[in-house]
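Below: the structure, in structure tokens.
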Amino acid sequence: MQTEQTPHLTPDRSAVATRVIEALAGPGAALRDDQRTAVAALVTPAARVLVVQATGWGKSAVYWAATAILRAEGAGPTLIVSPLLSLMRDQVAAAERAGLRAATVNSSNVDDWSAVESDLRDGALDVLLVSPERLANPGFGRRVLDAVATRLGMLVIDEAHSISDWGHDFRPDYRRVADILSSTDPAMPVLATTATANERVTEDVARQLGEATLVLRGPLARRSLTLNVTPSMSPLDRYAWVAQNLDRLPGSGIVYVLTVADADRLVAAIRTMHGDGVAVAAYTGQLDTDRRHELEDALRDNQLKALVATSALGMGYDKPDLGFVVHVGSPPSPVSYYQQVGRAGRAIDEAIVVLLPSSADAGIWDHFATATIPDPRQMDAVLSELRSADPDDPPSAIALEASTGIRRTRVDLMLKQLAVDGAVERVERGWRATDREWHYDAAHYDGIIATRRREADIMRAYTRGDRCLMALLVESLDDPEVGDCGRCSVCRGALSPGLSETADAGTARSIAGALRSDALELTPRKMWPGGVFGAKGRIPAHLAADPGRILVHADAPEWADTLVAARRGEDDAVEEVCAAAVRTLSRWRSEWAARPEIAVTLTLTGGDLAGRLADHLAAVGSLGRADQPVDGAVDIDREASGAEEAAQWRAAMGPAPSEVVGRAVLLVVDASRSGWPVTVAAAHLRDAGADRVLPLLIHRPA
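For the record, in the sequence shown the residue sitting at position 260 is 260 according to the UniProt record's numbering, with numbers rising by one throughout.
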């Protein structure tokens, strides 16, 4: 890493930089010393600069100023590799304020691609922002990057910790940046920026950029953040705590949750207590682009008290006066936690940060430690399929799922990892193997797992409140300026004034009752999986299930303790499940094509909860009663493909009960994650003569 004398800006270049920073921050604004140093370095040929600075420090001002100087001197456009759509949107607006013309190419503006690409080739754009995934697209590379590769003025890698697999948010497609570096003019300057890199990640990113990389690293502790951690709570009590305390938090803010279902349920919980008195909305990756933009603007304009969001609202969202960040569940890494809480308090003296831990969080940390580590046997299986494939008919990820038996999400990740290592490449119609061998680097991956587990230990210490919370966070980032902050809940010995330590039991009960009132729809599968299952294509209408209902989705807090007790056979808990099912059927019946005439159980996980529920529904609704036998020895591998799982369930189905012939069946199923046993059983019952099958799934695990 470079340690030579500090570069300086000439008067003319300094004038351009001043114009940009004043346009961004107001009259009289000036670049900080490290900002000026970075800009001066970037306007010299072949510069490599890595900026590691706290959120709100002004990293984007560096590349806007450097771009303005380079463009004024005749350089080509700047290419910014950026991770999130919300970040790109804010960046385009910031570039315009700086007097630069910027555009993006991403999944939300497909109709604009041709015009943007034309402007880029014609030199009409100053800045193009792309996602790392876009770089992996061979069509984009051929049409755009190949055309401008030698004419780029600067490359910016935003959130650069993502190019390091030692980082908390490693994204294989980010390594495509290396392809750009190898195909562009070596004199092109490169800037990498991040707020969340410890020493190991910093060194790794700097090494990838080049030996002469100038690293500008500053203190990462945020004095505007008041950190709080509550005692451990049950999942339902966490919902109740948020509902109780939301209107006591300053300004407007973000409540982070771990899943889409959590976002929707927590919004419903808040409305149960406050009605329309506290404006909240759910923000997840399932929303369309326009709706996301509406919600981002509404929070920015303080029209909402809070967005209840998954990590889809993360690095890219910029609201300088964000007053609070609450986490319902702990992220697996102190670095990722620091990154998310860094959204708050950027332009105000104090913002409140609260973590609501639960004993269930540890499972998430354990999953994170190994989730992205490649399995050498699976890697070899995918490579074997690719090497034996017809070169003129390269297999897709879907085809590889069917032929290898590995789940699609895992196949997608593996292909990206193999592409990073040069063992495979993406082509127009699929994937193909290269001549490069792939080897599993056990020592490297063992080191990554050990690092992630150490980070999980830091999060355990944080949730226990072992010592100053800010010190624990910045130590995980190897910040040299470590000391007790004096204002967190550990240093003060109490939560921030006005916030309660625990949740009110009555509030929790009210929320549980309200959330149990809405069962989710179980959408029937429409296609057979092919592969080892044999059958593929659309499921014939005479074998298909009707739309069903799910009583308990994933780890629904309103059901967590009750479901465990019901599975143990505790009468009170079973009665609660039965009552919820009766309410569900009452609301559902208006959509039935035919009223159920017989309740049939499909017991997949042992116990008699499904049987007791079916007995109750049969008695209440004057239904017949039967069981669909299943081989109790079935043990489905979580990594099995859909085709493999469906084939195993088909083989496990015993003879259909004769009572279903000519009747509409209410199929009561205890638990299924994938839905394949429901699909297979419905086809089995229909094939045996059932007129219709309406599935009622007690629990769909995450």
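Think of the CB as a built atom: it goes at the ideal place given N, C-alpha and C, for glycine as much as any other residue.
Close Cβ partners of residue i (< 8 Å) along its chain, the five nearest in sequence each way excluded
i	result
Met154	Leu42, Tyr63, Ala66, Thr67, Leu70, Ala75, Thr78, Leu79, Met188, Pro189, Val190 and Leu191
Arg432	Leu386, Ala389, Pro391, Pro394, Val424 and Glu425
Thr44	Pro7 and Pro189
Gly218	Asp34, Val52, Gln53, Ala54 and Trp57
Nearest-angstrom beta carbon gap, residue j and residue i [assumed within contact, 8 Å]
i	j	result
Leu266	Val308	5 Å
Ile449	Ile373	6 Å
Ala344	Gly329	Not a contact, Cβ separation roughly 18 Å.
Pro657	Ala626	4 Å
His553	Leu520	5 Å
Tyr283	Ala261	Going by Cβ atoms, the distance from Tyr283 to Ala261 rounds to 14 Å, so no, they are not a contact pair.
Leu50	Val215	5 Å
Ser396	Gly430	5 Å
Ala102	Val127	4 Å
Ala581	Leu613	6 Å
Thr507	Ala240	4 Å
Buried/exposed call for residue i, threshold 16 Cβ in 10 Å
i	result
Gly530	buried
Ser82	buried
Val110	exposed
Ser162	buried
Thr3	Summary for Thr3: the model assigns pLDDT 42, below 50, so the residue's position carries little reliability; its value from the coordinates is reported in the next sentence. By the 10 Å Cβ count, Thr3 comes out exposed.
Arg238	buried
Lys536	exposed
residue 704	Missing from the structure shown is residue 704; the chain here goes from 1 to 702 and no further.
Val574	buried
Lys419	At residue 419 the sequence reads Ala, which differs from the Lys that was named. Ala419 comes out buried.
Arg377	exposed
Arg387	exposed
Met527	exposed
His8	exposed
Thr10	exposed
His367	exposed
Ser517	exposed
Gly465	buried
Thr150	exposed
Gly642	buried
Val20	buried
Under the three-state DSSP convention, the category residue i falls into
i	result
Arg222	coil
Lys416	helix
Ala124	coil
Lys536	strand
Phe170	coil
Gly548	strand
Val574	helix
Arg673	coil
Glu425	strand
Leu100	coil
Val278	coil
Trp57	coil
Pro695	strand
His553	strand
Gly465	coil
Met470	helix
Ala593	coil
Leu613	helix
Leu209	helix
Val600	strand
Arg686	helix
Close beta carbons around residue i, own chain, < 6 Å, minus the five adjacent residues each side
i	result
Ala306	Gly253, Val255 and Val280
Val144	Glu117
Leu473	Pro334 and Tyr338
Phe140	Arg134
Met1	Summary for Met1: the model assigns pLDDT 45, below 50, so the residue's position carries little reliability; its value from the coordinates is reported in the next sentence. Correct list, in chain order: Ala206, Thr213 and Val215.
Val665	Ile598, Val600, Leu685, Ala690 and Val693
Leu258	Gly329
Gly607	Arg567
Residues near residue i in its chain [Cβ-Cβ closer than 7 Å; skip 5 each side]
i	result
Trp588	Arg549
Asp264	Ala282
Glu570	none
Ile270	Val242, Ala243, Leu246, Val278 and Val280
Leu543	Ala683, Arg686 and Asp687
Gly662	Gly689 and Asp691
Next on the checklist: Quick check on the DSSP output: what are the complete beta strand (DSSP E) runs of length 3 or more inside the segment 17 to 87, in order along the chain?
Outcome noted: 48 to 52 and 78 to 81
Checklist entry - For the segment 490 to 535, which segments carrying the alpha helix (DSSP H) assignment without a break, of at least 4 residues, lie completely within its bounds, in sequence order? => result 505 to 515
Next on the checklist: Ignoring anything shorter than 4 residues, give me the alpha helix (DSSP H) runs that lie fully in the UniProt domain "Helicase C-terminal" (241 to 390), in order along the chain.
Outcome noted: 260 to 274, 289 to 300, 334 to 341, 361 to 371 and 376 to 388
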